[in-house]
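Residue numbers (my numbering): -17 to 994.
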């Protein structure tokens, strides 16, 4: 009978013919009267409503054509077995078709299997009666799919076991494909089926022992995916065989060898290569032999593998004893110096061994694949599981959930990894189920990709077909997994936690008190109260703190005052503990936690700033955030902040907040610059990295702090001028003096300034003077308003006539004063003068006006030189605080800042009029210029530069350690130890000797220059 030409087209609507490319012609043959008898070719319709439902079920299969072919083959096999050769089509009298039409559950399960697995279809063709294993039970429930073996019949026990295995696998696959089991349940069922198969094979092997052979005590320990309860459809089953005693070894080896052979015939290969010495070692070892090996020879990856060990078959108590005996070794493995890097290196080797053409298609071993998730989870288990037994779960998903619950992995990161793991395992399951073949590679053929996308439930959407949808999701998950793998596996905190002894991770009160005493806390009881406040309770915050604190305590212990570091950390945590980003940043933010511990333990100055602005600790997360901002960027940002407010007080408050943030930036970089791996390395504009500003280069610190002060004064001046009426055209400028002018500011420096104005031509002098005074007073008032920010004193005492003179002078008045009444010390002070902010032209005019004053063309007279020496001697006598040690006073002491600066400034006053290279406000630059000009002996210049630099470094370090101004380096105590630690030295006594020696040499050189 001829077939209507339109019938295949109608069947194509059911999805038939897509894979075949024949528009459904083959399907019409298989479904028609000569096939299954479900399709009427003339009417082009199903024969009846039940047939329509069966066709609809076939259309929902991953591959409708494959499902139909498989079903047709099974019905044909059924007919051959029954001997029914009657005409009318193979489906006319098929009991299976009748069952499918009558049982919707059987229909859904069987068709899903036939469309997803050609291998299981082949099995059902060979054993049509096994289809009925998927029938719905009388109580309406689906068949049990929990991995149970139900051996039936007599005969060869291996053949019986193989049949029972295939039936159990069939039920699991049907439940998986129809949504009757989630991924975790499917993996658990496959693992349970593996256990049951191993146990059955074990019993068969024991029964085959020679008569009279005593049953050995042999344990089969599941490893790998089977041990983790996360087995896939086709995988080697990793095991380790353990015998109880030496006497068990001969029989145990026979049983183990036969078990491997039986399982290979029944289900899958058994791989015992994870045993000690791998395939070169004996197949079976005694418990004692195992312990001896792991105690002496095992490598990190072998302990990593033991994370998934689980009793599976044989002598289960012996298997559990083996696991229990090895557990202490497993949970100490991460304390090995090389452990963390071993795990990372193993992951890199796995990727390197993937053929390049498969690298991007590998969902298991490739980047962004299952191994990325597993290695990250296992490394976190090895490191943190030593102190937290909730992490000691063999399965990846339970372990990952425990890591999230314990705060070791962020919630969002954990959810992303779980989603990625489920997706990749689902892809792996579908790939393996198709031919029951071990594969982890996504196919490239279009038809295979269409089948895979359909098997995973992807459908076409507007503008995107099912394959494109699958690819988009795959790329999304792989990219996120790759990112999180790098974030977790290479988290710097891991090495730090791994170095903490296991006992240090269990912060019980007794263990904590003992550890605090060992770490050198002066008040263990007080420190313990801080720990209890931070870690008490069952909140996620407390859990994360319990993870962080063992590492932080070790960092605090390296500081001279561990108690202060912990107290400061408590204060910061109390302020930020409830914010969602704080602990997440410490846990996940690279070196942030250890950097924070260092700055809190070593610097009271930084601790005070962070107490006022805790959010500034975000700066510790980024290398480039710990580099000083360029001068122009600072000025622009500060001025913009001031411009956003009409109220001058609010404008200045915003500016001072920015200043505080910049002080944190510079101070943190300073404290961390000698911290080894914690030292920031900002990226240059050309892409190279460089060390951050710090005590190692005191001139960079002074420049950075001076730039911050300049920007602060510029923004405050804008606010002051906006609030004070002034004649149109009034020019006003701020001139930097002292350390500000020399770009040598320290953390607590006041801003030494002069105020200069120039009245407009059409305005009276008195009105302009009053307006300029009002602006200067307002600027000082705004920067002096009480606030939580560090104060910036504005000191104008270096102005003509000092405090007795007017606060502000016009340019002409300055010129008149310096021309008629100025003294040599005022010319000396002007050596540091430079324009800071305000009217740039006026600033340049002021600098030009003072040039002949500070750089006299004829140099100094003998009387002026004697006057400078006299004033210096008087300063040393009168200004050195009572009781101060002149040998260790950084500013006025022997060979300190003042000695070098007075000597260099004398040279400038004497010779800068004739030698332009000497004209600069920076001490070390002028010193170097004087050496090049032959005015200072190179040896003396080197000694003076060393003395000035060391004194400036120590002075800054003292301020960082104390949190307040101070020039006196103590000869002993915690402050000396803190300074020494900040400067990267080890022995306070040796450093003090070095300081005294450098000071003596610097003093002698300065004296020679002053007396020349």
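All C-beta atoms, glycine included, are put in the ideal place defined by N, C-alpha and C. None of the values given here were measured: they were computed from a predicted structure.
For the candidate residues the options, whose alpha-carbon lies nearest to that of residue i?
i, options, result
"residue 860", "875, 846 and 870", "875"
"residue 583", "7, 959 and 99", "959"
"residue 372", "313, 34, 100 and 85", "313"
"residue 593", "348, 945 and 171", "945"
"residue 400", "270, 753, 827 and 356", "356"
"residue 854", "129, 870 and 881", "881"
"residue 872", "982, 577 and 922", "982"
"residue 949", "419, 934 and 275", "934"
"residue 171", "504, 62, 150 and 201", "150"
"residue 57", "47, 48, 403 and 75", "75"
"residue 733", "710, 751 and 766", "766"
"residue 119", "445, 96, 88 and 278", "88"
"residue 714", "986, 756 and 729", "756"
"residue 1043", "967, 936, 8 and 987", "In this structure the chain extends from -17 to 994, so residue 1043 is not present and cannot be described."
"residue 601", "562, 644, 104 and 624", "644"
"residue 773", "719, 426, 83 and 637", "637"
"residue 293", "181, 402 and 276", "181"
What three-state label does DSSP hand residue i in the structure shown?
i, result
"residue 22", "strand"
"residue 739", "strand"
"residue 411", "helix"
"residue 748", "helix"
"residue 245", "helix"
"residue 112", "helix"
"residue 706", "coil"
"residue 820", "strand"
"residue -3", "coil"
"residue 813", "coil"
"residue 946", "coil"
"residue 373", "helix"
"residue 446", "strand"
"residue 767", "coil"
"residue 777", "strand"
"residue 459", "helix"
In chain order, what residues of the same chain lie with their CB nearer than 8 Å to the CB of residue i, ignoring the 5 residues before and after it?
i, result
"residue 501", "535, 536, 538, 539 and 544"
"residue 428", "449"
"residue 553", "589 and 593"
Below 6 Å CB to CB, which residues in the same chain sit around residue i once its five sequence neighbours on both sides are set aside?
i, result
"residue 470", "358"
"residue 819", "695, 696, 699 and 716"
"residue 133", "142 and 146"
"residue 775", "732"
"residue 72", "Note on residue 72: pLDDT 49, under 50, position unreliable in the model; the coordinate value appears next. Closer than 6 Å at the Cβ level, and outside the excluded window around residue 72, lie 57, 58 and 61."
"residue 550", "582 and 589"
Report the CB separation of residue i from residue j in whole angstroms; it is logged as a contact under 8 Å.
i, j, result
"residue 196", "residue 233", "7 Å"
"residue 291", "residue 203", "5 Å"
"residue 268", "residue 225", "5 Å"
"residue 153", "residue 126", "7 Å"
"residue 377", "residue 211", "5 Å"
"residue 301", "residue 384", "Actually they are not in contact, since the Cβ atoms of residue 301 and residue 384 sit about 23 Å apart, beyond 8 Å."
"residue 250", "residue 216", "7 Å"
"residue 352", "residue 390", "So it is not a contact: roughly 20 Å between Cβ atoms."
So residue i is in the alpha helix (DSSP H); what residue range does that whole segment cover?
i, result
"residue 292", "Unbroken run through residue 292 is the beta strand (DSSP E), 292 to 296; no alpha helix (DSSP H)."
"residue 99", "No alpha helix (DSSP H) contains residue 99, which DSSP labels as neither H nor E."
"residue 41", "31 to 41"
"residue 440", "First-last for residue 440: undefined, no H or E at that position."
"residue 378", "378 to 387"
Would you mind reading off the limits of the beta strand (DSSP E) that contains residue i?
i, result
"residue 266", "266 to 268"
"residue 718", "713 to 718"
"residue 223", "219 to 225"
"residue 792", "790 to 792"
"residue 204", "200 to 204"
Going by beta carbon distance, what residues of the same chain come within less than 7 Å of residue i, once the five residues before and after it are set aside?
i, result
"residue 115", "125, 149, 152 and 153"
"residue 235", "265 and 266"
"residue 240", "187 and 190"
"residue 724", "814, 903, 904 and 905"
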